[in-house]
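Structure first, commentary second.
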Ligand SMILES: CC(C)(COP(=O)(O)OP(=O)(O)OC[C@H]1O[C@@H](n2cnc3c(N)ncnc32)[C@H](O)[C@@H]1OP(=O)(O)O)[C@@H](O)C(=O)NCCC(=O)NCCS
């Protein structure tokens, strides 16, 4: 287990997720989404996106690039990064193209699938997960990071140096879509910049 991140005091800790965490993550994600996105999305958008856009990506867990945050042995948050092309969504119906590996010297790493339990929001957990992911991406040789943020996630990333690259929508079917925002930041290195 990794040392607790400084912004969070024990007994909160971050560790790499394992496949045994999937049931806890499948319980957490709907709670997080329904509890923390209601100011920015309608309930119809949220329910349509659950399971499609907001779902567990086991590939991240298998790649050892997904973290969970625990308090008292309970999973209260999850978030990760990826060395693969996909920028969002669960692992169902993933195409080979989405699964393809990125070249860290040429392409940005992906920040992926951040979900915090509503009772633990605004305690610095999202920020701590993001720092953990960025450190891991740097260690894997990435110089840049991109992500597709929900409108609920945008303030977290904006407050951590990410800039808006593009606003777009994810089609949800049934005439619904989900406004999201593609964001990115330089992680440092290569050209000498911090
Ligand atoms: C987005 C999310 C992961 C943020 O997690 P969090 O642990 O609450 O975020 P933090 O406490 O680390 O916030 C760090 C900073 O981000 C910004 N921020 C985070 N949430 C914010 C909000 N709702 N409104 C305004 N600013 C916010 C603030 O600057 C905050 O610092 P502060 O609390 O000192 O002001 C969480 O809201 C969540 O799980 N949302 C539902 C699922 C989702 O949409 N995930 C994003 C996928 S891209």
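Residue numbers (the working numbering): 117 to 310. All C-beta atoms, glycine included, are put in the ideal place defined by N, C-alpha and C.
Q. Among 138, 246 and 282, which has the Cα closest to the Cα of residue 198?
A. The option with the nearest alpha carbon to residue 198 is 246.
Q.
Just to confirm the assignment, what range does the beta strand (DSSP E) spanning residue 190 have?
A. Taken as a continuous stretch (DSSP letters only), the beta strand (DSSP E) holding residue 190 covers 190 to 198.
(Q) Give the residues whose C-beta lies closer than 5 Å to at least one heavy atom of ligand 1, in chain order. (A) Ordered along the chain, the selected set is 148, 152, 230, 231, 232, 237, 238, 240, 241, 242, 243, 265, 266, 268, 269, 271, 272 and 275.
Q: Flag this pair as yes or no: are the beta carbons of residue 279 and residue 300 separated by less than 8 Å?
A: Yes; because the gap between Cβ atoms is below 8 Å, this pair is in contact.
**Q.** Separation of residue 293 from residue 133, as counted between CA atoms
**A.** When rounded, the distance between both Cα atoms is 30 Å.
Q) Taking the alpha carbon of residue 222 as the point to measure from, which residue in 179, 201 and 131 has its own alpha carbon closest? A) The residue with the shortest Cα to Cα distance from residue 222 is 201.
Q: May I have the straight-line CA-CA distance separating residue 186 from residue 295, to the nearest angstrom?
A: Annotation: residue 186 to residue 295 spans about 30 Å, alpha carbon to alpha carbon.
Q.
Can you give me the C-alpha to C-alpha distance between residue 144 and residue 233, rounded to a whole angstrom?
A. One alpha carbon belongs to residue 144, the other to residue 233, and they sit about 6 Å apart.
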